[in-house]
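Okay, structure first, notes after.
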Amino acid sequence: MSTLRELTVNQQVALLFVILFGLLVLGTVLIAVSVMRQSENGAVGERRQRLLRDLGAVWIGALVFWLAWVSGPVGATLAFGLFSFLALREFITLAHTRRGDHRSLILAFFVVLPLQYVIAGGRWFDLFTVFIPVYVFLAIPVASALAGDPHRFLERNAKIQWGIMVCVYGLSHAPALLLLEFRNFEGRGAFLLFFLVMVAAVAQLAQEAASRWLRRRPVARLIDRSFSYRAWLAGAAAAGIAGALLFWITPFKAGQALVMACIAGG
-11 MSTLRELTVN
-1 QQVALLFVIL
9 FGLLVLGTVL
19 IAVSVMRQSE
29 NGAVGERRQR
39 LLRDLGAVWI
49 GALVFWLAWV
59 SGPVGATLAF
69 GLFSFLALRE
79 FITLAHTRRG
89 DHRSLILAFF
99 VVLPLQYVIA
109 GGRWFDLFTV
119 FIPVYVFLAI
129 PVASALAGDP
139 HRFLERNAKI
149 QWGIMVCVYG
159 LSHAPALLLL
169 EFRNFEGRGA
179 FLLFFLVMVA
189 AVAQLAQEAA
199 SRWLRRRPVA
209 RLIDRSFSYR
219 AWLAGAAAAG
229 IAGALLFWIT
239 PFKAGQALVM
249 ACIAGG
């Protein structure tokens, strides 16, 4: 541990990526060997497709994480801003909107999204946390009301508001973590983002495994047949353990990292 602390910030982050991509390569090889040995029946084929899809998502996430770090603070902010734009566009494409929503959508894409990332890039974190949940949530219905279309007014605005919340507000926390500075932890924001991604991934994997093994009645069968309270508790517990084990890459103590990981994983 003392040897790791003696490394420079760039060396520590580079070592982090070497370990991350090394584990991904090892996992990919093991999964590929396992897939080649399996038979071709329907259940196994479906499970194989889901496994390969999840593995591809992990690789994409790791590459995005690496690109965000090597591009620097400005590059990371611009990159995640582009990802937010694409995610929000996909969300709005799937949602049913009307002509009366055009003003709200213009506000969302060309005012709210750029401002949120400018605020994140400027490290104005007090405004960053309330800009969308407070001010934008009030502004979107006003813009829609000016169009004079009352048809399903609340439903349409709720879709746009929560699309912004997930695709812009949620994703903007990634560059915010990279830019966040703690005393004696300067320049190590990549570790915080890695910590968040790891505990969330561990929680998701633990929930899926628990839902498959425990075979409990789902909480909301028509929404998610795999979610149960026991699976949720297993995911939160696994995330907490992972967070406690990774506390050394954060500015927090083990207990603090455990609690935050449980919250993130839950």
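The opening residue of the sequence shown carries number -11 in this note's numbering; numbering runs sequentially from there.
Glycine included, every Cβ here is placed at the ideal spot set by N, Cα and C.
All values reported here derive from a predicted model rather than from experimental measurement.
Should I80 go down as buried or exposed, given a rule of 16 or more other Cβ atoms within 10 Å for buried? buried
CB A230 to CB T238, shorter than 7 Å? no
How would you label R176, buried or exposed, when you count the other beta carbons within 10 angstroms and need 16 or more for buried? buried
Suppose contacts are defined by Cβ-Cβ distances below 7 Å. Is V185 in contact with A227 by that definition? no
For M248, count neighbouring Cβ atoms within 10 angstroms of its own Cβ and tell me buried if that reaches 16, exposed if not. buried
Endpoints, the alpha helix (DSSP H) within which L126 is located: F125 to A133
Note down the Cα distance separating A197 from L43, rounded to an integer number of angstroms. 16 Å
Where the alpha helix (DSSP H) containing P61 begins and where it ends: G60 to L82
Given a cut-off of 7 Å on the beta-carbon distance, is the pair A162 and L180 in contact? no
What do you get for K241, buried or exposed, if any count of 16 or more other CB atoms within 10 angstroms of its CB means buried? exposed
Here's a check: name, in chain order, each residue in its chain whose Cβ is nearer than 7 Å to the Cβ of F173, leaving out the five neighbours to either side. P239
Between which two residues does the alpha helix (DSSP H) harbouring M153 extend? Careful: M153 lies outside any alpha helix (DSSP H) and carries neither H nor E.
Since L115 and I107 are thought to touch, with beta carbons under 8 Å apart, how far apart are those beta carbons, to the nearest angstrom? 5 Å
State the DSSP-derived secondary structure class of F97, mapped to helix, strand or coil. helix
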